[in-house]
Amino acid sequence: MADTEKQKNKLQYLLCPKCNGLGKINGKDCFECGGRGIGAWTGNYLLYWGKVINETHILHRKFTDAVYDTLDFLLMIFGITGIMIAFYIFTQTMERQGTSFQSFLFWTENSFRMFIVWISLITDTYLFYRFARRMEKWPKIPNDMRIIPTPDKPFVWENIRTEASGRMFDISGVFTLDAVRAIEKSYELGKKYNYSALNPIHLFISLLTFPEIINIIVRLGVPFDELRTKLSHAITDHSLPQEKDVMITIDFYKALFESFVYAASAKERTVYLSDILVGVINSSEVLSEILYDMKVDKNKIINVSLWMRFQRDLTKRIYATQKITSLHSKSDVNKSMTAVATPFLDSISEDLTLYARARRLEPCIGREGEIKEIFEIMSGGTRRSAVLVGFAGVGKETLVNKIAYLMASENVPKFLSDKRLVNLSIPRLTSGTNPAESEEKLLRLLNEVKRAGNIILFINNIHQLAGISIGSSGSMDLASVLSDAVAKKYVRLIATSSPSDYTKYIERGSLGQVFEKIDIKEVKGNEAIQILESKVGLFEAKNNVYFSYDAIAKSVELTDRYFHERYLPEKAIDVLDETASRVYGQKGKDATVTENDIAETISLKVKIPLSDITEKETEKLIHLEEKIHERMINQEEAVKMVSSALRRARAEMRDKSRPIVNLLFLGPTGVGKTQLAKTVASIYFGDEHEMIRLDMSEYQEKSSISRLIGAPPGSGDEGTSGYLTENVRNHPFSLVLLDEIEKAHPELLNIFLQVMDDGRLTDSQGRTIDFTNVILICTSNACTSTIQKRVEQNYTAQQIKDEIVAGELQQFFRPEFLNRYDGIVVFKPLSREHIRQIARVMLRDVEKNLEAKGISFMATDGAIDDLADLGYDPKFGARPMRRVIQDRVDDAVATYILEGKIQRRDKVVLDVGGKIDIIKSKKL
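Counting from 1, position 238 in the sequence shown corresponds to residue 242 in our numbering; the numbering is continuous, with no gaps.
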């Protein structure tokens, strides 16, 4: 069904049945189609390309343009010369006899120079007329041009004379001069390289000679050398033997039609180079594949095209606003001179329409639906005022700025024509006064608004008026005074508030009865990207840097993923500003801000590795198991699970809505469950203490939930942060270790159900904490006796796990809790050989400590065997080994150091029986 609808909204291409769309038969124009060959039916217009593209017509156009340009240049020189002569005569006259208009009358002064001046003035007037006339005669895309969904019965060539009569439109007339030149250049390219068929790829290559398109390609981060190579191969594949003339293919014409429709759909009046770029990509699978291979899809091209369009539109809007506002009074009086001055209002407010005329307000992209709704509310009905409700940073004030721009350019409904949009400052209204005085000021202000009759009030954060009590015993507040004025309909008002403040102060109060609520949602995806494209020009100019498209897109993607307490577009705008400043400081003037620069900025804020993987990090990730096994003996399955999870996370090959991995380690004490977590933290996070560790034996009471997520409201300790949520909030990329999870209260396990499934947790203050970049490891000593028995009976690890998960383990955890784990690993008891290897690993710590003091250390194999014998305990695993090393090695060496028996450069040898041999260094 969706595909059918999509087909219905596409152009219907019509090929002349006589010439098969080529426009020529035996080298002559087709009589049936007049040489047009192909047309496109939109549902209300039949489009065709009317300009002839051949060598003769291109030379004629160039010659005509050259003649016109030369004539314009000569007329301009003559006009400027006359102005300079007039200025010379004026200064000379002023020096001799003062100002005299008679000096400028050549027929009374008999002055040839003044004759030249008057002729040049006439020339200047004629030149201005030529330019204005040329722009006026330039065809425009009709306002009603659109693709109308076509009926099931397709439009056919035979119906042209009946159904398309009077509705034919030559699209070649609305292409800009640069656009026409690009088309002609593609023909010349085909002629130069002896290609008989002109395809969209030739048009694309000709586009690459124009600065506007080069700018787009650079913004997309496409390497020109690589693009040139790929285009060269593609052209070779499509080349044909030379013929008499270059044939323009149907696909080439389709690219022009697609360009026109793209421009028309954006309400453009002419077709620009960037529109042709989109049309070419839409009509050429070869080009789409080439760019896709270079990480550029159609969506990116459209967004950068919109970026260029915004820059053009901004210039047009500035010109249009200047043109219209030049007719306005520079004071607060309206055009009809009927408005009343508002001195008191002016002292505590800002006129946004005046700011818009001076172009001092931030531009706003999109939000047409919300603005239309505001206008509908204000135009009539029972409520003629609107409150915009949205979180900080979603663009409520910027939306109001757009209304100010629309009012300044008079692109608004009639009831708003010639009105002022005034921003009332609540702090300036209430500061330095008591509630009664604030009421008096508000009433005075409202009276001025009523008398003026041309004011629309804007109040940001209107909830601040609620609660300022006035009257006897605080019987009413300022909000009631304002709502009374709004209810009487002599004040139209636009206000803003946050969702929580609206619910708390406005919804059920007096303001809620007179305001219509409009929800301002957070922008996402392409809409957010397009808003940022309109903002980056300021950062580029301020910091002398250059933003790539990928940098903007990455700022939207990453801030949306990691900054959960702020909202788009504001949070991404701040990141762009900060990154531009940092890149300028690091790379200097004219540097390009890349997506990796954006990732580095956000990495610094959220402490998550987001930038490109370095060679050093790649080496670490690939050999992570080996690194871990340098400090971790046995337990290969657990080591592999953790290592694989980290590699998937760094390569972004995982479900980003869940933690990196959820693991449950089962086994007796001392087998390495906690040690593995410490080892991973040390190797990948930099330090074994860089993990969030909770001993769940301390959370056996239901009330201990508050220690995890914070104290609830009304508890007396509200505002106190939870240990778990606050640590993850500050260190979102971390390892969370829940030791002895079986000892926690069952209610606490419900909290972790949400964490493991959705990757988020709401704390007591209502903040959503992101757990999607957390490695969650739970350890448990549950089922220890069963594990030990099955190991003695030579069961495999998989057999042991299957048995306890299906049976005994469910006495400790509910099935839905166990199902949330990505892996349940059974740690086997350690053998004597494992203990021997662990002894060797632990002695490395002794070696490092002594090395820091300039002392060498080694242990003989016999000493290690001796330690293994003393430290082996099947019941407690490797735990006794640390105590043995501490008693037999650390204590003895420490005593020798304190007694001065061991000096720098000496060598300490640990031998059988705990004997310490000291090999003294050679005296210097």
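Just so you know, even glycine gets a beta-carbon here, dropped at the ideal spot from N, CA and C.
#1: Please list the segments of the alpha helix (DSSP H) lying wholly inside the segment 817 to 854, counting only runs of 4 or more residues, in order along the chain.
#2: Runs of 4 residues minimum, wholly inside the segment 427 to 479: which ones carry the alpha helix (DSSP H) assignment?
#3: Within the continuous alpha helix (DSSP H) that includes lysine 3, where are the two ends?
#4: Give the straight-line distance between the Cα atoms of glycine 918 and threonine 605, rounded to the nearest whole angstrom.
#5: Which of helix, strand or coil does DSSP assign to isoleucine 252?
#6: Quick one: residues in its chain with C-beta nearer than 7 Å to the C-beta of leucine 625, no 5 flanking neighbours on either side, listed in chain order?
#7: Once DSSP output is grouped into helix, strand and coil, what is the label at glutamate 289?
#8: What are the partner residues of glutamine 16, as DSSP defines its beta bridges?
#9: Tell me, please, whether the segment 51 to 61 touches the segment 185 to 196 by the rule of three or more beta-carbon pairs shorter than 8 Å.
#10: Quick check on alanine 345: does DSSP put it in helix, strand or coil?
#11: Whose C-alpha, out of Phe462, Leu486, Thr507, Ile804, is nearest the C-alpha of leucine 447?
#12: Just to confirm my understanding: we take alanine 685, look at its own chain, exclude 5 residues before and 5 after, and list those with CB closer than 6 Å. What are they?
#13: With DSSP run on the structure shown, which of helix, strand or coil describes arginine 364?
#14: If you pair each beta-carbon of the segment 695 to 709 with each one of the segment 740 to 753, do three or more pairs fall below 8 Å?
#15: Would you please state the rounded distance, in angstroms, between the beta carbons of valine 829 and glutamate 656? I believe it to be under 8 Å.
#16: So for alanine 748, helix, strand or coil by DSSP?
#17: Beta-carbon within less than 7 Å of proline 204's beta-carbon, same chain only, minus the 5 sequence neighbours each way: which residues are those?
#18: Give the straight-line distance between the Cα atoms of proline 819 and serine 504, rounded to the nearest whole angstrom.
#19: When DSSP labels each residue in this structure, what does methionine 695 get in the three-state scheme?
#20: I need the DSSP call for threonine 232, collapsed to helix, strand or coil.
#21: How about proline 663 and leucine 780: do their beta carbons lie closer than 9 Å?
#22: Could you give the distance in angstroms between the alpha-carbon of phenylalanine 35 and the alpha-carbon of cysteine 23?
#23: Going by DSSP, which residues form a beta bridge with threonine 596?
#24: Can you tell me where the alpha helix (DSSP H) holding arginine 185 begins and where it ends?
#25: Counting only the same chain and skipping the five closest in sequence on each side, list residues whose C-beta sits under 6 Å from that of isoleucine 463.
#26: Rounded to the nearest angstrom, what separates asparagine 338 and alanine 345 at their Cα positions?
#27: From this set, Leu212, Asp174, Ile175, Gly177, which residue's C-alpha is nearest alanine 186's C-alpha?
#28: Exposed or buried, glutamate 262, counting other C-beta atoms within 10 Å across all chains shown (16 or more means buried)?
#29: Counting C-beta neighbours from all protein chains within 10 Å, is the total for histidine 206 16 or more, i.e. buried, or is it exposed?
#30: Does the segment 360 to 367 touch the segment 430 to 446, meaning 3 or more C-beta pairs lie closer than 8 Å?
#31: Let me confirm a value: glutamine 907 is counted as buried when at least 16 other C-beta atoms fall within 10 Å, else exposed. Which label applies?
#32: Tell me which residue opens and which closes the alpha helix (DSSP H) that lysine 926 is part of.
#33: Between the beta-carbon of valine 560 and the beta-carbon of alanine 576, is there less than 9 Å?
#34: Kindly identify the DSSP beta-bridge partner or partners of alanine 499.
#35: What do you get for aspartate 921, buried or exposed, if any count of 16 or more other CB atoms within 10 angstroms of its CB means buried?
#36: Starting from leucine 580, trace the alpha helix (DSSP H) both ways and give me its first and last residue.
In this structure, then:
#1: Listed in chain order, the complete alpha helix (DSSP H) runs (minimum 4 residues) inside the segment 817 to 854 are 819 to 822.
#2: Correct list: 430 to 434, 439 to 456.
#3: Nothing in the structure corresponds to residue 3, since the chain is present only between 5 and 928.
#4: Rounded to the nearest angstrom, the two C-alpha atoms are 53 Å apart.
#5: Strand.
#6: Once the five neighbours on either side are set aside, the close Cβ partners of leucine 625 are Leu650, Arg651, Arg654.
#7: Correct three-state label for glutamate 289: helix.
#8: Beta-bridge partners assigned by DSSP to glutamine 16: Trp45.
#9: Enough Cβ pairs lie closer than 8 Å, so yes.
#10: Shown here, alanine 345 sits in coil according to DSSP, grouped into three states, outside any helix or strand.
#11: Residue Leu486 is the option with its Cα nearest to leucine 447.
#12: Non-local beta-carbon contacts of alanine 685 in its own chain, meaning distances under 6 Å to residues more than five positions away in sequence, involve Glu692, Glu694, Met695, Leu739 in chain order.
#13: DSSP places arginine 364 in coil when its eight states are reduced to three.
#14: A contact exists between the segment 695 to 709 and the segment 740 to 753.
#15: Contact doesn't hold; Cβ gap of about 25 Å is too wide.
#16: In the structure shown, alanine 748 sits in coil (DSSP, three-state: anything other than H, G, I, E or B).
#17: Excluding positions up to five away in sequence, the list reads Asp255, Phe256, Ala259, Val284, Ser287, Ser288, Leu291.
#18: Their Cα atoms are separated by approximately 38 Å.
#19: Methionine 695: strand per DSSP, three-state reduction.
#20: The question names threonine, but residue 232 in the sequence shown is arginine. Arginine 232 falls in the helix class under three-state DSSP.
#21: Cβ distance < 9 Å, so proline 663 and leucine 780 count as in contact.
#22: Looking at the two C-alpha atoms, the distance is approximately 9 Å.
#23: For threonine 596, which the question treats as bridged, DSSP gives the partners Tyr550.
#24: Looking at the DSSP string, the run of the alpha helix (DSSP H) that includes arginine 185 is 181 to 196.
#25: For isoleucine 463, where only same-chain residues beyond five positions count, the Cβ hits under 6 Å are Leu428, Ala499.
#26: At asparagine 338, the pLDDT of 44 sits below 50, so the modelled position is not reliable; the number obtained from the coordinates is stated separately. Distance between the alpha carbons of asparagine 338 and alanine 345 is about 10 Å.
#27: For alanine 186, the nearest C-alpha among the options comes from Leu212.
#28: Counting every other CB atom within 10 Å of its CB across the protein chains shown gives glutamate 262 a total of 16 or more, marking it as buried.
#29: It is buried - the Cβ of histidine 206 has at least 16 other Cβ atoms within 10 Å.
#30: The segment 430 to 446 and the segment 360 to 367 do not touch, with fewer than 3 CB-CB distances between them shorter than 8 Å.
#31: Its Cβ having fewer than 16 others within 10 Å, glutamine 907 is exposed.
#32: Run containing lysine 926: none; DSSP gives neither H nor E here.
#33: Contact flag set, yes.
#34: Val391, Ile463, per the DSSP bridge assignment.
#35: With fewer than 16 other beta carbons inside 10 angstroms of its own, aspartate 921 counts as exposed.
#36: Note, leucine 580: alpha helix (DSSP H), 574 to 591.
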